[in-house]
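Engineer: Residue numbers (my numbering): 1 to 343.
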């Protein structure tokens with residue numbers, strides 16, 4: 001079986017010859033090829049130049065035997081397309097210069113056609129899909145409505161998003177209006193990625209874990225479900241990734257053929273709770289991959305052993321590859337997962 005088949009088969013809980021593996025942020029700062037491009041171009045130039053975004057998308061597929069490519073993009077270009085001013089500052093990360101503070105701010109947001117405001121990502125998908133030439137499937141993605149709304153209100157990344165959480169408490173009606181707009185925009189964006197050539201899609205709800213179960217059910221779940229329902233296409237698997245073990249049953253309720261697990265979860269136990277109706281993806285701690293490779297493969301073996309014999313596991317990290325990660329460790333992990341899962 002080739003790597004063109006493993007990932008998609010595992011998404012459908014079909015038998016595979018080896019556990020498929022790809023890594024969140026597998027194209028990025030830890031790779032010399034990417035670093036060389038960043039010396040010439042800003043991050044937004046890479047994201048918004050389809051030829052460059054496609055080139056970065058392919059870098060890990062060419063360097064390692066990963067079983068899927070994921071388009072090189074950034075979740076914050078969607079809010080930018082709706083009217084927010086996005087700025088990336090070296091060493092500080094992304095920020096919106098006009099964060100949302102009121103219902104009037106939300107009313108000004110425009111839900112545009114993805115082919116208008118985000119055409120560069122669709123073009124990158126078309127070019128990457130052509131260049132892959134069937135070697136590996138291509139994954140498209142978006143941030144989830146809740147996670148995007150947190151950034152749009154807070155204005156920048158935060159561990160706790162205090163401004164966004166205060167907004168939810170004090171302006172719940174306005175929050176629901178915003179989340180509804182984002183659900184529409186995310187659903188259209190993911191559908192457009194599929195039409196451009198993405199063979200699977202992933203919804204990233206990175207900050208869902210700051211919510212309680214009751215809060216998630218009220219303020220996040222309906223909008224992720226709406227977006228995924230709008231994007232769903234026959235034979236195109238959906239991966240739903242949210243950080244927060246306490247939310248996993250609700251994440252499943254929100255939709256997805258595959259549920260992504262963060263590294264704080266015992267994969268086998270979480271899968272038992274979710275039942276046989278979904279595949280799972282995860283969930284090595286990305287920090288482990290920055291250290292001795294022997295420790296990374298030891299922990300990978302534990303994860304693989306815990307779900308051995310059960311169809312539908314896709315190996316991944318519990319979050320994105322860290323910039324300090326040695327390239328040799330990534331190569332060794334990919335090879336180890338394939339070899340060990342065959343035995």
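Each residue gets a CB set at the ideal place from its N, CA and C atoms; glycine is no exception. Quick caveat: nothing in here was measured; it's all calculated off a predicted structure.
#1: If we count the other Cβ atoms within 10 Å of its Cβ and call it buried at 16 or more, is residue 102 buried or exposed?
#2: Flag residue 134 as yes if its beta-carbon sits less than 8 Å from any beta-carbon of chain C, otherwise no.
#3: Given a cut-off of 8 Å, decide if residue 262 and residue 243 are closer than it, judged by their beta-carbon atoms.
#4: Per DSSP, residue 298 forms a beta bridge with which residues?
#5: Is it buried or exposed, residue 6, if we count other Cβ atoms within 10 angstroms and call 16 or more buried?
#6: Mapping the DSSP letters down to three states, classify residue 168 as helix, strand or coil.
#7: Go ahead and pull the three-state DSSP assignment for residue 327.
#8: Cα-Cα, which of 159, 2, 8 is closest to residue 238?
#9: What does the alpha-carbon distance come out to for the pair residue 125 and residue 74?
#10: What first and last residue would you give for the beta strand (DSSP E) that runs through residue 87?
#11: Give the DSSP bridge partners of residue 95, in chain order.
#12: Looking at the structure shown, is residue 102 part of a helix, part of a strand, or coil, going by DSSP?
#13: Output yes or no for whether 8 Å exceeds the beta carbon distance between residue 206 and residue 290.
#14: Please give me, in chain order, every unbroken run of the alpha helix (DSSP H) with length at least 4 that falls completely inside the segment 250–319.
#15: Classify residue 35 as helix, strand or coil using the three-state DSSP reduction.
#16: Would you call residue 246 buried or exposed, if buried means 16 or more other Cβ atoms sit within 10 Å of its Cβ?
#17: Output needed for residue 82: all residues of its chain with C-beta closer than 6 Å, excluding positions within five of it in sequence on either side, in chain order.
Structural biologist: Well, looking at it:
#1: Looking up residue 102 in the chain shown gives position 102. Exposed, since its Cβ has fewer than 16 Cβ neighbours within 10 Å.
#2: Here there is only one protein chain, and chain C is not present.
#3: Within the chain shown, residue 243 is the residue found at index 243, counting from 1. Within the chain shown, residue 262 is the residue found at index 262, counting from 1. Taking 8 Å as the cut-off, the Cβ atoms of residue 243 and residue 262 count as close.
#4: Reading the chain shown from its first residue, position 298 is the one you call residue 298. Beta-bridge partners assigned by DSSP to residue 298: none are found.
#5: The sequence position of residue 6 within the chain shown is 6, counting from 1. In summary, residue 6 is buried, with 16 or more beta-carbon neighbours lying within 10 Å of its beta-carbon over all protein chains present.
#6: In the chain shown, the residue the question calls residue 168 occupies position 168. In this structure, residue 168 counts as helix in the three-state DSSP scheme.
#7: Position 327 of the chain shown, counting from 1, holds the residue named residue 327. When DSSP states are grouped into helix, strand and coil, residue 327 belongs to the helix group.
#8: In the chain shown, residue 238 corresponds to position 238, counting from 1. With distances taken between Cα atoms, residue 238 lies closest to 8.
#9: Position 125 of the chain shown, counting from 1, holds the residue named residue 125. Position 74 of the chain shown, counting from 1, holds the residue named residue 74. Rounded to whole angstroms, residue 125 to residue 74 spans 13 Å at the Cα level.
#10: The sequence position of residue 87 within the chain shown is 87, counting from 1. Start and end: 86–89.
#11: Taking the chain shown and counting its residues from 1, one reaches residue 95 at position 95. Residue 95 pairs with 87, 156.
#12: Counted from its first residue, the chain shown places residue 102 at position 102. In this structure, residue 102 counts as coil in the three-state DSSP scheme.
#13: Residue 206 sits at position 206 when you count from the first residue of the chain shown. Residue 290 sits at position 290 when you count from the first residue of the chain shown. No; because the gap between Cβ atoms is not below 8 Å, this pair is not in contact.
#14: List check, alpha helix (DSSP H) in window: 267–274, 293–306.
#15: The residue labelled residue 35 in the question sits at position 35 within the chain shown. Helix at residue 35.
#16: As a first step, residue 246 must be located in the chain shown, where it is residue number 246. Classification of residue 246: exposed, given that the 10 Å Cβ count is below 16.
#17: Taking the first residue of the chain shown as 1, we reach residue 82 at position 82. Closer than 6 Å at Cβ, skipping near neighbours: 109, 110.
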